[in-house]
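Residue numbers (numbering that gives the first Met the number 0): 0 to 240. We treat Cβ as the ideally placed atom computed from N, Cα and C, and that holds for glycine. A quick note: this is a predicted structure, and the numbers were derived from the prediction, not measured. Before any comments, here is the structure.
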Amino acid sequence: MAGHSKWANIQHRKGRQDEKRQRIWTRCVREIMVAARTGGGDAAANPRLRLAIEKAKAANMPADTIKRNIDKATGNLEGVNYEEIRYEGYGIGGAAIIVDTMTDNRVRTVADVRHAFSKYGGNMGTEGSVAFQFKHCGQLIFAPGTSEDRVMEVALEAGAEDVISDEEGAIEVLTAPGDFEAVKNALEAAGLVADMAEVTMRAENTIALTGEDAARMQKLLDVLEDLDDVQNVFHNAEIAE
0 MAGHSKWANI
10 QHRKGRQDEK
20 RQRIWTRCVR
30 EIMVAARTGG
40 GDAAANPRLR
50 LAIEKAKAAN
60 MPADTIKRNI
70 DKATGNLEGV
80 NYEEIRYEGY
90 GIGGAAIIVD
100 TMTDNRVRTV
110 ADVRHAFSKY
120 GGNMGTEGSV
130 AFQFKHCGQL
140 IFAPGTSEDR
150 VMEVALEAGA
160 EDVISDEEGA
170 IEVLTAPGDF
180 EAVKNALEAA
190 GLVADMAEVT
200 MRAENTIALT
210 GEDAARMQKL
220 LDVLEDLDDV
230 QNVFHNAEIA
240 E
């Protein structure tokens, strides 16, 4: 199934994440602790914890740091309790934004998120105000030049929901959240390693922003992503360079 060109947007997002690599350990630690607290400290029986550990290892986090934070979350060591809170709102041009946070102080977090929205041209909405515009799913992105036939064959056999190619030849594999790990493993076993692979909130429709609107939207997103308690920011804007 063909889709709109998203490759440039994906590379742009990946580049900005790489620029903020120093922050990734903090976010990995929080994800490990929440995953372990909610699903137990045994990675073999906890898919969310397995993915969190995989991300931490990809960020070169030492194994003893990973274990220590699992122990904190499961009560073997004293630690901070984080709760997950989602905020929704609108950015420039009515673009939809979801902000996922992990915090030990919800009063501080909501104040920070609301301030960012109001100061940089957005509007914070109520629960459910934009979430319906996104789909919770597993997403794997392959660079242009990857064999679409081979990706489709392996992915669909492993339980993927859809395989989409864009105008530039990038390939997007979508899965149910619970099938993400199995599909990812099957693709990697076949020698197909995605440029990006995550369980995400994928926008069902996008809003194209250019010029000053694009710059203002990027500033709002940067400010939100830089907040200490923010884990992920999802949006439906296609931001022109």
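Taking all protein chains shown into account, residue 209 has fewer than 16 neighbouring C-beta atoms within 10 Å of its C-beta and is therefore exposed.
Residue nearest to residue 92 within the set 224, 223, 205 is 205 (criterion: CA-CA distance).
Beyond the five residues adjoining it in sequence on each side, residue 90 comes within less than 6 Å, by CB distance, of 96, 121, 216, 219 in the same chain, given in chain order. One Cα belongs to residue 185, the other to residue 139, and the distance between them is close to 12 Å.
The beta-carbon distance between residue 173 and residue 137, rounded to whole angstroms, is 7 Å. This is short enough to meet the 8 Å contact definition. Of the residues assessed, residue 105 falls on the exposed side of the cut-off, its CB having fewer than 16 other CB atoms within 10 angstroms.
Every alpha helix (DSSP H) of 4 residues or more that sits fully in the stretch 130 to 209 is shown, in chain order, as 147 to 157, 179 to 188. The beta carbon of residue 99 sits closer than 6 Å to the beta carbons of 85, 230, 231 from its chain, once the five residues preceding and following it are set aside; these are given in chain order. Apart from sequence neighbours up to five positions away, the residues of its chain that approach residue 54 with a beta-carbon distance below 6 Å are 27, ordered along the chain. Leaving aside the five residues that flank residue 145 on each side, the residues in its chain whose CB is nearer than 6 Å to its CB run, in chain order, 170.
Assignment of residue 94 by DSSP, reduced to helix, strand and coil, places it in the coil class. Residue burial annotation: residue 118 is exposed, with fewer than 16 other C-beta atoms found within 10 angstroms of its C-beta.
Using a Cβ distance threshold of 9 Å, residue 214 and residue 94 do not count as a contacting pair. Per the DSSP secondary-structure output, residue 237 pairs in a beta bridge with 207.
Looking at the DSSP output, residue 122 shares a beta bridge with 89. Beta-carbon to beta-carbon, residue 154 and residue 162 are separated by about 6 Å, close enough to satisfy the 8 Å threshold.
Closest by C-alpha distance to residue 88, out of 152, 132, 31, 29, is 132. Non-local C-beta neighbours of residue 202 in its own chain, meaning closer than 6 Å and more than five positions away in sequence, comprise 133, 235, ordered along the chain. Comparing C-alpha distances from residue 59 to each of 135, 22, 41 shows the shortest one belongs to 22.
For the set 222, 196, 130, the Cα lying nearest the Cα of residue 114 is the one of 222. Within the same chain, Cβ atoms closer than 6 Å to the Cβ of residue 159 are found at 172, 174, 182, the five residues on either side in sequence being excluded. Annotation: the continuous alpha helix (DSSP H) that includes residue 50 extends over 46 to 57.
Linking residue 227 to residue 125 through their CA atoms gives a straight-line distance of about 22 Å. By the Cβ neighbour-count rule, residue 30 is buried, with 16 or more other Cβ atoms within 10 Å of its own. At least 9 Å separates the beta-carbon of residue 112 from that of residue 101. It is roughly 12 Å from the alpha-carbon of residue 80 to the alpha-carbon of residue 34.
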